[in-house]
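Residue numbers (our numbering): 66 to 302.
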Amino acid sequence: MARLKSFIRWCWNSLVAFWRIISRPSAYLPLGFLTVGGFVCGVIFWGGFNTALEVTNTEKFCTSCHEMRDNVYQELTQTVHFQNRSGVRATCPDCHVPHNWTDKIARKMQASKEVWGKIFGTISTREKFLDMRLELAKHEWARLKANDSLECRNCHSSVAMDFTKQTRRAAEIHSRFLTTGEKTCIDCHKGIAHLLPDMRGIEPGWKDAPELQGKGSAYLHAPEQAVRTYLAEIETR
């Protein structure tokens, strides 16, 4: 019992001494030590923070859980953004994480709530995922709409587009809506990386010129695979 009391007393005295030092470090430690120590701690913190940021900003990390690996990632591998004639591949963070540092941090903080979904198994099965596909898609569409399709514009620039090399329909839509700022990429280009949910009742985002009307009606009511084929044909023209 005496040894236990002695140990508790020693722990308490150590905590008190430690608190005195950290509450008034200049009274116990030389200024040079504090300066160098603060610099070293800052480097360690910044290095660790950026390392963690980069590790969580990779496709390997995104697909480390079965919810992403077995659902949306498998869909991505079948699209032009994964494999194409130019060999340029868009990974998960390219489309879902802004490149600008401040926007990236804000997105990481926003995405931290998704950890709860993992813990509680919100989309732990294929059936649960399909039930929530429309809701999840709407959240992502709204996010991209709010930031003017920022992630899309990291690779695609309307200023650099040569409309003469596009199909008549694409050139018409881009010149009328994209270059004027009336619409943004996600308004029309839903489902380019993942299968679409049930799109009945959801507007496609554009209105064709009179001479082109009728060619895009499949977008509204076709099943998922038909929509995928339709969009793939547009991308490869």
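For every residue, glycine included, the Cβ atom is placed at its ideal position computed from N, Cα and C.
Please state whether DSSP places His204 in a helix, a strand or coil.
Looking at His204 - three-state DSSP - the assignment turns out to be helix.
What does the Cβ neighbour count give for Lys255, buried or exposed, with the cut at 16 atoms within 10 Å?
Lys255 comes out buried.
With a threshold of 16 other CB atoms inside 10 Å of the CB of Lys280, please say whether the residue is buried or exposed.
Annotation note: pLDDT 48 at Lys280 (below 50); position unreliable, coordinate value reported separately. With fewer than 16 Cβ atoms within 10 Å of its Cβ, Lys280 is classed as exposed.
Pick helix, strand or coil for Val224, following the three-state DSSP scheme.
It is coil, neither helix nor strand.
Are the CB atoms of Cys250 and Ser214 nearer to each other than 8 Å?
Yes, they are a contact pair.
Is it a yes or a no for the stretch 96-114 touching the stretch 145-156, going by three-plus beta-carbon pairs under 8 Å?
Too few Cβ pairs lie closer than 8 Å, so no.
If I measure Cβ to Cβ from Glu205 and keep anything under 7 Å in the same chain, skipping five residues before and after, which residues do I get?
Closer than 7 Å at the Cβ level, and outside the excluded window around Glu205, lies no residue.
Between which residues of its own chain and Ile188 is the CB-CB distance below 7 Å, once the five residues before and five after are set aside?
So the qualifying residues of the chain are Glu132, Gly182, Phe194, Met197.
Can you give me the C-alpha to C-alpha distance between Thr229 and Arg218, rounded to a whole angstrom?
Between Thr229 and Arg218, the C-alpha separation is close to 20 Å.
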